[in-house]
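Peer 1: I have a structure here, written as structure tokens, and I will follow up with some questions on it.
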Amino acid sequence: MYVVTAKQMRELDYIVIEKIGVPSASLMENAGKALAEEVVKLCREAQNGRIDRRTPRDPLEEDEDNHRRAFEEWRGVRGTIRTEETLHINDRSQEHWYILTGKGNNGGDGLVCARHLQEAGMKVTIVYAVPPSTLEQDAALQRDAAAAYSIPAVVYSEKEQLSFQGVTGIVDALLGTGSDGPPRKAYAALIREANESGLPIVSADIPSGLNADTGELYEPHIRSEVTVCFGLLKRGLTQYPGAEAAGRIVVRSIGIPPKLAADQGGTVQVLTEEVLEGSLGMDLALRRSGEGHKGTYGHVLLTAGTLAMSGAGLLSAHASLRSGCGLATWALPYELMPHVIGKVPELMLADAVRGKDGLWTEESAERVIQLAEGKDVLAIGPGLGRFEGDTRWLRRIVEACDVPIVLDADALNMAAAGGEDFFLGMSRTAPLILTPHPGEMARLMGISTKDVQQDRITHAAVYAERTGVILVLKGSRTVIAAPSGSTYINLTGHPGMGTGGAGDVLTGIIAGLLAQGWSAEQAAAYGVYLHGLSGERAAYKRHHPGGITAGDIIDAL
3 MYVVTAKQMR ELDYIVIEKI GVPSASLMEN AGKALAEEVV KLCREAQNGR
53 IDRRTPRDPL EEDEDNHRRA FEEWRGVRGT IRTEETLHIN DRSQEHWYIL
103 TGKGNNGGDG LVCARHLQEA GMKVTIVYAV PPSTLEQDAA LQRDAAAAYS
153 IPAVVYSEKE QLSFQGVTGI VDALLGTGSD GPPRKAYAAL IREANESGLP
203 IVSADIPSGL NADTGELYEP HIRSEVTVCF GLLKRGLTQY PGAEAAGRIV
253 VRSIGIPPKL AADQGGTVQV LTEEVLEGSL GMDLALRRSG EGHKGTYGHV
303 LLTAGTLAMS GAGLLSAHAS LRSGCGLATW ALPYELMPHV IGKVPELMLA
353 DAVRGKDGLW TEESAERVIQ LAEGKDVLAI GPGLGRFEGD TRWLRRIVEA
403 CDVPIVLDAD ALNMAAAGGE DFFLGMSRTA PLILTPHPGE MARLMGISTK
453 DVQQDRITHA AVYAERTGVI LVLKGSRTVI AAPSGSTYIN LTGHPGMGTG
503 GAGDVLTGII AGLLAQGWSA EQAAAYGVYL HGLSGERAAY KRHHPGGITA
553 GDIIDAL
């Protein structure tokens, strides 16, 4: 599934309307009808006891059916986002919903929704944020249709608070992707009142007050129970904090061919099995030949660890083996070996530096280069620590070892100390994969962590294209960017994965996949996807999912 910016969505709308010839009113009708169907679905869930409107909403919670589906089926978009084609309206409940309506196309979608909800037998009231006479183009046509259907309507006044007595839900159709900046005047007041009501809110396309491109939340902003995204998923809904404000996200077709995004140069996709097997060309059955042996599936050399951080190397090496590589060797300080020998029986150990109190030295680069001979993949960084001359040490190894290399943790800090151009002009042909968390990414780019987090997708894509590396920007909704411009957003994972060592496990998984012959882009994307899925499985097994450890993630691979 492609992910688009607000500008890209406008361009696609233009092509569909002006070049293909689909009337804009038809797209609005489809959007409003889809919105109404999702409102009805939410009402049914409440009536069946599947949601409790009186308890605080956790956007990552899923009901048992969805939880089971998360582990048994992979269709459409992962996690709290799903695709849905048809949900027929046949509900005849007496629920009463407010339709908060802005003056633009988003408001028009809400007006269509109001009409369909009334046809379904529900009581609705349109609440205009502006005088109805100011509505624009297609929204004005829907205003007239709503009046012809005798749908009750009021014009909001900041001088009088809305009464929510007897109201069971709210449709947010105030501000869409065309808006930018904090909501003002009546819009802001309506948003505050809607949130304070405590009622479930269903948003049209995006929650009002959310930046559709970055996920930044303006004040005030709507906190939705469900967001019904029209046509294609908007970038801002895939990134935090916007993803949390959006609640459960449903992507509904409104008549814009999904293939059109690819035809128009779309580069950002949500990671699904369909994307892994289609766009990335992977066979996820992971079939193995009956003639295969340990040499067939590659040999990883991990350069990691100090006396103070021996666990990082163990976790990473163990994860590489669990991800399927045939052999793994851990290059480590000699003084560390007695503390880790036998902890992972399948793992081979090789001393890379001696007599320095379990720390690394610049001179050890030559030993690492020697150990890398005949290996298929080199992973550097977990628990490595910093030492004098470490930036030169890293450059020497990266330039001398022309095999796929995964850099993580302190290796990234060493690179950052070498300046923003550290990876430019290196005489190597094999790929580099970098796996920074936001703080490490900020150091690599010479900007603040806050700047990185404000637009993760763009920063990852620009850095990958500029330096020629595969960039894995970790965090909730990890971003994988390739030099070609292809970018992927991962939705697998669980909040319990915010624990020490989880990143070391990811490094090992990616290295293990590389060793088996996957391309760097494939290994990075599937490694992130598999890492998140394993975290979900680990959480699913525990009554207290906040107690997940990095070892649990490995066990769930």
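In this note's numbering, the protein residues as written are 3 to 559.
Even for Gly, the Cβ is constructed at its ideal location relative to N, Cα and C.
Remember, it's a predicted structure, so these values are computed and weren't measured experimentally.
1. Could you compute how far the alpha carbon of Gly-257 sits from the alpha carbon of Val-173?
2. Quick check on the DSSP output: what are the complete alpha helix (DSSP H) runs of length 4 or more inside the segment 410–480, in order along the chain?
3. Which residues mark the beginning and the end of the beta strand (DSSP E) in which Asp-378 is found?
4. Taking the runs of the beta strand (DSSP E) that are 3 residues or longer, which of them lie wholly in the segment 185–241?
5. Round the Cβ separation of Gln-144 and Gly-326 to the nearest angstrom and send it over; I've been treating them as touching at under 8 angstroms.
6. In the DSSP output, which residue or residues are listed as bridge partners for Gln-271?
7. Given a cut-off of 7 angstroms, decide if Asp-404 and Arg-430 are closer than it, judged by their beta-carbon atoms.
8. Candidates Ser-322, His-546, Val-132 and Glu-218: which alpha carbon is nearest Val-496's?
9. Can you list, in chain order, the residues of its chain with a C-beta nearer than 7 angstroms to that of Arg-59? Leave out the 5 residues immediately preceding and following it.
10. Rounded C-beta distance between Val-507 and Ile-449? I'm assuming under 8 angstroms.
11. Could you pull the start and end residues of the alpha helix (DSSP H) that Thr-509 belongs to?
12. Note the first and the last residue of the continuous alpha helix (DSSP H) segment covering Ala-319.
13. Per the DSSP calculation, Tyr-100 is bridged to which residue(s)?
14. Can you pull the DSSP bridge partners for Ile-407?
15. If you draw a straight line from the C-alpha of Pro-340 to the C-alpha of Leu-349, how long is it?
16. Take Asp-423 as the anchor and find which of Thr-393, Ala-411, Glu-40 and Asp-412 has the nearest alpha-carbon.
17. My output table needs one value for Leu-113: the three-state DSSP class, helix, strand or coil.
18. What residue range does the alpha helix (DSSP H) around Pro-340 cover?
19. On the DSSP letters alone, give me the boundaries of the beta strand (DSSP E) that His-301 sits inside.
20. Spatial neighbours of Glu-442 within its chain, please: C-beta separation below 8 angstroms, excluding the five flanking residues on both sides.
21. By Cβ distance below 6 angstroms, which residues in the same chain neighbour Glu-20 in space, the five residues on each side in sequence not counted?
22. Relative to the C-alpha of Gly-505, which candidate in Ser-366, Tyr-490, Leu-532 and Glu-523 has its C-alpha closest?
23. Looking at Thr-437 and Val-1, is the spacing between their C-beta atoms short of 7 angstroms?
24. Does the separation of the CB atoms of Arg-398 and Ala-432 fall below 7 angstroms?
25. Using DSSP with H/G/I as helix, E/B as strand and the rest coil, what is Pro-335?
26. According to DSSP, simplified to helix, strand and coil, what is Leu-349?
27. From Val-132 to Asn-108, what distance separates their C-alpha atoms?
28. Would you mind reading off the limits of the alpha helix (DSSP H) that contains Ile-1?
29. DSSP three-state label for Ile-482, please.
30. In whole angstroms, give me the CA-to-CA distance for Gly-112 and Ala-149.
31. Check whether the segment 20–32 and the segment 183–195 are in contact - that is, three or more C-beta pairs closer than 8 angstroms.
32. Can you tell me whether Ile-343 is buried or exposed, with buried defined as 16 or more other CB within 10 angstroms of its CB?
33. Starting from Ile-258 and walking both ways along the beta strand (DSSP E), at which residues does that stretch end?
34. Does DSSP put Arg-56 in a helix, a strand or coil?
35. With distances taken Cα to Cα, identify the nearest neighbour of Val-129 among Val-114, Val-156 and Ser-152.
36. Could you check what DSSP says for Arg-539 in three-state terms: helix, strand or coil?
Peer 2: Considering the structure as presented:
1. 22 angstroms
2. 412–419, 440–447, 451–456 and 458–469
3. Looking at the DSSP string, Asp-378 is not in any beta strand (DSSP E), and its letter there is neither H nor E.
4. 203–206 and 228–232
5. Not really, about 55 angstroms apart at Cβ, beyond 8 angstroms.
6. Tyr-4 and Tyr-490
7. yes
8. Reading off the sequence shown, one finds His at residue 496, where the question assumed Val. His-496 has its Cα closest to that of His-546, out of Ser-322, His-546, Val-132 and Glu-218.
9. Any reading at Arg-59 must be qualified, since the residue scores a pLDDT of 32, below 50, and its modelled position is unreliable; the value itself is stated next. Cβ within range, chain order: Glu-227 and Gly-249.
10. Between Ile-449 and Val-507 the Cβ distance is about 27 angstroms, and since that is not below 8 angstroms, they are no contact.
11. 504–517
12. 312–324
13. Thr-127 and Ile-172
14. Leu-380 and Leu-434
15. 14 angstroms
16. Thr-393
17. helix
18. 339–342
19. 301–305
20. Ala-411, Leu-414, Asn-415 and Ala-418
21. none
22. Leu-532
23. Residue 1 lies beyond the stretch modelled for the chain, which goes from 3 to 559, so this question has no answer here.
24. no
25. strand
26. coil
27. 13 angstroms
28. Nothing can be reported for residue 1: it is not among the residues displayed for the chain, which extend from 3 to 559.
29. strand
30. 14 angstroms
31. no
32. exposed
33. Looking at the DSSP string, Ile-258 is not in any beta strand (DSSP E), and its letter there is neither H nor E.
34. Low per-residue confidence applies at Arg-56: pLDDT is 32, beneath 50, and the placement is therefore not dependable, though the value from the model is reported in the following sentence. Looking at Arg-56 - three-state DSSP - the assignment turns out to be coil, as it is neither helix nor strand.
35. Val-156
36. helix
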